[in-house]
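Here's the structure we're looking at; comments come further down.
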Amino acid sequence: MQSGFNLCLDAVRRINSHGKSETGGVSRIAYTEKDRLARETLVEIMHETGFQVEIDEVGNIKGTRWGSRPSAPPIAVGSHIDTVPDGGKFDGILGVAAGLGAVLDVAERCPDHVNPLQVIVFSGEESSRFGVSNVGSKAVTGYMSLKDFFDHRDDQGISVFKALRDFGLSPEKADRSRILPSDMKAFFELHIEQGPFLDQTGIDVGVVEAIAAPTRLFLEILGESAHSGACPMDMRKDALAASSEIVLAVERLAKEESAFKTVGTVGDCKVFPGVMNVVPGRSSLKVDIRGIDGKSIDRVFDGLLKEMERISASRNVEIKKKVISRGEPVVLDGRLRWLLGQVCEDMEIGWTDMPSGAGHDAMYVASVIPTAMIFVPCVGGISHSSEEKVEIGRIRPGYRALVEVIYRLVTKDR
Ligand SMILES: [Zn+2]
Numbered sequence: 009m010q011s012g013f014n015l016c017l018d019a020v021r022r023i024n025s026h027g028k029s030e031t032g033g034v035s036r037i038a039y040t041e042k043d044r045l046a047r048e049t050l051v052e053i054m055h056e057t058g059f060q061v062e063i064d065e066v067g068n069i070k071g072t073r074w075g076s077r078p079s080a081p082p083i084a085v086g087s088h089i090d091t092v093p094d095g096g097k098f099d100g101i102l103g104v105a106a107g108l109g110a111v112l113d114v115a116e117r118c119p120d121h122v123n124p125l126q127v128i129v130f131s132g133e134e135s136s137r138f139g140v141s142n143v144g145s146k147a148v149t150g151y152m153s154l155k156d157f158f159d160h161r162d163d164q165g166i167s168v169f170k171a172l173r174d175f176g177l178s179p180e181k182a183d184r185s186r187i188l189p190s191d192m193k194a195f196f197e198l199h200i201e202q203g204p205f206l207d208q209t210g211i212d213v214g215v216v217e218a219i220a221a222p223t224r225l226f227l228e229i230l231g232e233s234a235h236s237g238a239c240p241m242d243m244r245k246d247a248l249a250a251s252s253e254i255v256l257a258v259e260r261l262a263k264e265e266s267a268f269k270t271v272g273t274v275g276d277c278k279v280f281p282g283v284m285n286v287v288p289g290r291s292s293l294k295v296d297i298r299g300i301d302g303k304s305i306d307r308v309f310d311g312l313l314k315e316m317e318r319i320s321a322s323r324n325v326e327i328k329k330k331v332i333s334r335g336e337p338v339v340l341d342g343r344l345r346w347l348l349g350q351v352c353e354d355m356e357i358g359w360t361d362m363p364s365g366a367g368h369d370a371m372y373v374a375s376v377i378p379t380a381m382i383f384v385p386c387v388g389g390i391s392h393s394s395e396e397k398v399e400i401g402r403i404r405p406g407y408r409a410l411v412e413v414i415y416r417l418v419t420k421d422r
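Numbering (the working numbering), first residue to last: 9 to 422.
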């Protein structure tokens with residue numbers, strides 16, 4: 009009998025035989041041929057290991073190993089197997105593969121389990137193709153409507169709706185795939201951290217407290233272009249100098265909230281006309297504020313609006329703002345988080361509570377089903393890159409915690 013952890017590593021390898029990129033990474037974009045092949049391989053592995061497979065209207069794959077009572081609510085594990093272009097071998101895939109292994113291990117340790125055990129693969133998790141993320145998990149939890157399927161398009165103009173249809177799915181019937189609170193007893197997602205914290209601290213397991221939802225702003229700073237030699241310093245309306253103050257304000261305001269784990273970033277700045285001897289007349293900034301404490305995010309947001317007013321007045325520039333998103337952080341299930349901490353203590357696994365700055369399928373599932381997330385370390389915190397790596401020895405503790413937590417939750421028929 010193959011051990012669950014070996015099945016997990018083997019499944020990662022087999023799924024990653026589809027979409028290998030030239031740089032050693034993986035390009036398996038949602039609803040493309042590579043994605044289809046990987047999904048077929050996954051279904052094959054599920055069949056080999058005793059799962060019954062169903063695929064819903066939006067392409068989520070659900071593998072079930074039945075317990076003694078089919079009507080009991082399943083305990084499920086899941087993640088995604090699509091990637092960004094030239095992405096890594098573990099982002100998403102590891103959570104699916106760990107689920108397969110964990111279900112096998114629990115079933116072997118507890119042959120008389122009552123609850124069905126499930127592995128779910130959510131389709132279209134990465135936003136790189138359509139500019140919208142988590143298509144599968146949003147559709148089943150009511151966060152994505154039919155209109156959204158038509159509105160979001162890829163570079164070729166293909167809508168999510170058409171891509172799903174071309175994939176042999178039925179997005180017009182997405183409603184039939186909705187999940188209800190009674191559909192699962194608990195949902196777990198194991199995922200690489202995609203940040204450097206666990207790698208640098210040597211802690212093996214992160215129990216995710218909450219998943220950040222970004223607050224995003226697009227700012228346009230309107231000053232006045234002028235000759236860089238002829239315009240005196242006190243007569244300028246320099247849009248880039250004003251933008252620089254805004255960038256530093258975002259950094260300072262977020263740093264003041266670091267105790268609440270809030271972060272703020274300006275990741276994009278454009279300057280017009282962008283010429284060496286012209287005082288910049290216009291610039292634009294993209295601001296991304298994230299955290300797991302709504303009030304802390306509000307303080308950074310409100311503080312930034314005040315700073316923008318001050319900068320606008322003192323520099324005599326106009327600042328136009330567009331709020332692109334204002335998401336609420338998702339707090340994961342307290343009881344499951346407590347149980348995971350307890351499991352790690354009992355197994356002498358080093359663990360910590362931590363936030364997730366990145367979005368995951370778990371954040372949508374959490375709106376319907378008690379949900380928890382386990383983070384495992386990735387080398388250097390590098391992800392969404394062909395450089396993404398894990399040390400096998402360092403993902404094993406997270407895997408063992410996943411097996412143990414499912415084992416403790418499953419009802420035994422004795
Ligand atoms: Zn992922």
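In this text, a Cβ means the ideal position worked out from N, Cα and C, and glycines have one as well.
- For H368, the shortest separation between its Cβ and any heavy atom of ligand 1 lies below 8 Å.
- In this structure, the CA atom of P119 is about 39 Å from the CA atom of P204.
- Not a single heavy atom of ligand 1 lies less than 8 Å from the C-beta of G176.
- Annotation: the stretch 217–268 contains the following complete segments of the beta strand (DSSP E) (minimum length 3 residues), in chain order: 223–230.
- Using a 10 angstroms sphere on the CB of T57, the tally of other CB atoms reaches 16 or more, which defines it as buried.
- Taking C-alpha positions only, L348 is separated from M355 by approximately 11 Å.
- Taking the C-beta atoms as reference points, V398 is found no nearer than 9 Å to F13.
- In terms of CA proximity to T91, S394 leads the group V111, S394 and V66.
- Residue state for H199 is assigned as strand, using DSSP reduced to three classes.
- Per DSSP, reduced to three states, the secondary structure at Q164 is coil, with no helix or strand assignment.
- Within the same chain, and ignoring the five residues on either side of Y151 in sequence, the residues whose Cβ sits closer than 7 Å to its Cβ are Y372.
- Ligand 1 has no heavy atom closer than 8 Å to the beta-carbon of G237.
- Between the C-alpha atoms of S136 and P93 there is a straight-line separation of about 7 Å.
- The beta carbon of A19 sits closer than 7 Å to those of I53, A105 and L108, all from its chain and outside the five residues before and after it, given in chain order.
- Listed in chain order, the non-local C-beta contacts of G311 below 6 Å within the same chain comprise L261, local neighbours out to five positions each way being set aside.
- Taking 8 Å as the upper bound for CB-CB distance, R343 and P378 are in contact here, some 7 Å apart.
- Taking each of E253, V286 and L256 in turn and checking the Cα distance to C239, the smallest one comes out for V286.
- Within the stretch 357–382, the beta strand (DSSP E) runs of at least 3 residues that lie entirely inside it are, in chain order, 359–364.
- In this structure, the CA atom of I327 is about 27 Å from the CA atom of S266.
- Of all C-beta pairs linking the stretch 318–337 to the stretch 170–182, fewer than three are shorter than 8 Å, placing the two stretches out of contact.
- In this chain, C277 is not harboured by any alpha helix (DSSP H); it is covered by the beta strand (DSSP E) spanning V271 to F280.
- If you look at I53, you'll find it in the alpha helix (DSSP H) that goes E41 to E56.
- If you look at T72, you'll find it in the beta strand (DSSP E) that goes I69 to R73.
- Each of D99 and G100 has a C-beta closer than 5 Å to some heavy atom of ligand 1; these make up the full list, in chain order.
- Each residue's CA atom was taken as its position, placing V143 and H26 some 21 Å apart.
- Annotation for L293: the continuous beta strand (DSSP E) segment containing it runs R290 to R298.
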